[in-house]
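Enquirer: Residue numbers (our numbering): 3 to 283.
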């Protein structure tokens with residue numbers, strides 16, 4: 003199972019297609035139970051995801067691999083305490099992976115501290131969450147350790163594939179996790195449901211809508227998984243167990259496609275593929 007469960011919706015009201023707000027306790031329990039039943043073995047969380055860590059720690063998640071992220075902009079003097087707080091909230095003695103939520107926070111002193119904590123057994127793999135290939139260029143030039151990377155990729159955003167970084171990371175022995183598979187839910191919305199902001203990107207979105215038109219948007223968005231064999235886990239976030247059930251079912255009957263099949267769907271329009279630049283409210 004190459005799906006991993008994202009937990010941002012457990013602590014925040016997140017996603018352009020999320021109209022229900024933060025996940026309820028009852029729904030959270032159902033989502034975790036279904037994830038376990040489906041063979042999903044990895045949870046992705048972060049210190050910046052509201053109270054997601056606390057809510058996860060109130061449940062039995064000992065059988066899941068747990069990836070966490072340091073809060074952005076955290077002073078070096080607060081890093082160890084923040085890590086201990088996460089371990090406390092999550093009920094763990096060790097994180098399987100710890101990422102910098104923002105690569106710009108890296109420093110030699112920070113990685114000296116994190117490497118020391120790793121050697122003490124508090125951290126498994128060390129790495130970063132990135133938003134652009136240029137961040138990996140900078141990171142590589144600085145010579146920082148890189149054992150796990152989380153990056154965005156979907157049928158519209160193929161930057162890490164086109165720049166060769168996916169293959170480079172595999173050659174480095176680095177584990178790759180992909181987020182934004184559905185572009186915060188945009189790729190699952192019918193054209194009429196999309197906010198007016200996206201009308202300016204009609205050409206790119208119409209290419210996506212008309213690619214294998216017999217497929218439902220969910221199956222279409224998931225089909226990129228077969229074109230990215232370099233990726234270990236694809237992180238998906240949901241608000242309801244039935245959404246996760248649909249994703250799991252669709253992932254098991256994927257349309258097989260290859261890099262060449264999806265190339266013409268790629269967009270380089272930053273204001274489309276980077277949700278941080280969206281002006282939808």
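Where a beta carbon is used, it is the ideal one built from N, C-alpha and C, also for glycine.
1. Please list the segments of the alpha helix (DSSP H) lying wholly inside the segment 131-200, counting only runs of 4 or more residues, in order along the chain.
2. Could you give the C-beta distance for residue 153 and residue 180, rounded to a whole number, given that I count them as a contact under 8 Å?
3. Give me the residue from 270, 60, 232, 125 with the minimum Cα distance to residue 207.
4. Within 8 Å, do at least three Cβ pairs link the segment 219-230 to the segment 135-153?
5. Can you tell me which residues form a DSSP beta bridge with residue 6?
6. Take every Cβ of the segment 51-62, pair it with every Cβ of the segment 273-283, and state whether three or more of those distances are shorter than 8 Å.
7. Quick one: is residue 97 buried, meaning 16 or more other Cβ sit within 10 Å of its Cβ, or exposed?
8. Considering only the alpha carbon of each residue, which of 183, 108, 234, 261 lies closest to residue 176?
9. Let me check understanding here. Comparing Cα to Cα, which of 82, 134, 41, 158 lies closest to residue 254?
10. If we count the other Cβ atoms within 10 Å of its Cβ and call it buried at 16 or more, is residue 279 buried or exposed?
11. DSSP state of residue 264, grouped into three classes?
12. Measuring only the C-alpha atoms, how far is residue 75 from residue 135?
13. Between residue 161 and residue 268, what straight-line distance do the alpha-carbon atoms span, to the nearest angstrom?
14. Relative to the C-alpha of residue 239, which candidate in 118, 45, 212 has its C-alpha closest?
Expert: According to the data block:
1. Segments of the alpha helix (DSSP H) lying fully in the segment 131-200: 135-144, 161-164, 167-173.
2. By one-based count along the chain shown, residue 153 stands at place 151. By one-based count along the chain shown, residue 180 stands at place 178. Yes, they are in contact, since the Cβ atoms of residue 153 and residue 180 sit about 6 Å apart, within 8 Å.
3. One-based indexing of the chain shown puts residue 207 at position 205. From the listed residues 270, 60, 232, 125, the smallest Cα separation to residue 207 is found for 270.
4. In short, these stretches do not touch, since the Cβ pair count stays below three.
5. On the chain shown, position 4 is the one that residue 6 refers to. Paired residues: 237.
6. Touching, no.
7. Numbered from its first residue, the chain shown carries residue 97 at position 95. Result: buried.
8. Translated into positions along the chain shown, residue 176 becomes position 174. The closest CA to that of residue 176, considering only 183, 108, 234, 261, is found on 234.
9. Your numbering for residue 254 matches position 252 in the chain shown. Residue 41 is the option with its Cα nearest to residue 254.
10. Indexing the chain shown from 1 puts residue 279 at position 277. Exposed, by the Cβ-count rule.
11. Locating residue 264 in the chain shown gives position 262, counting from the first residue. Helix, per DSSP.
12. Along the chain shown, read from residue 1 onward, the residue named residue 75 stands at position 73. Along the chain shown, read from residue 1 onward, the residue named residue 135 stands at position 133. Those two C-alpha atoms are separated by around 21 Å.
13. As a working mapping, residue 161 is identified with position 159 in the chain shown. As a working mapping, residue 268 is identified with position 266 in the chain shown. Rounded to the nearest whole angstrom, the CA to CA distance from residue 161 to residue 268 is 8 Å.
14. Residue 239 sits at position 237 when you count from the first residue of the chain shown. That would be 45, whose Cα lies nearest to the Cα of residue 239.
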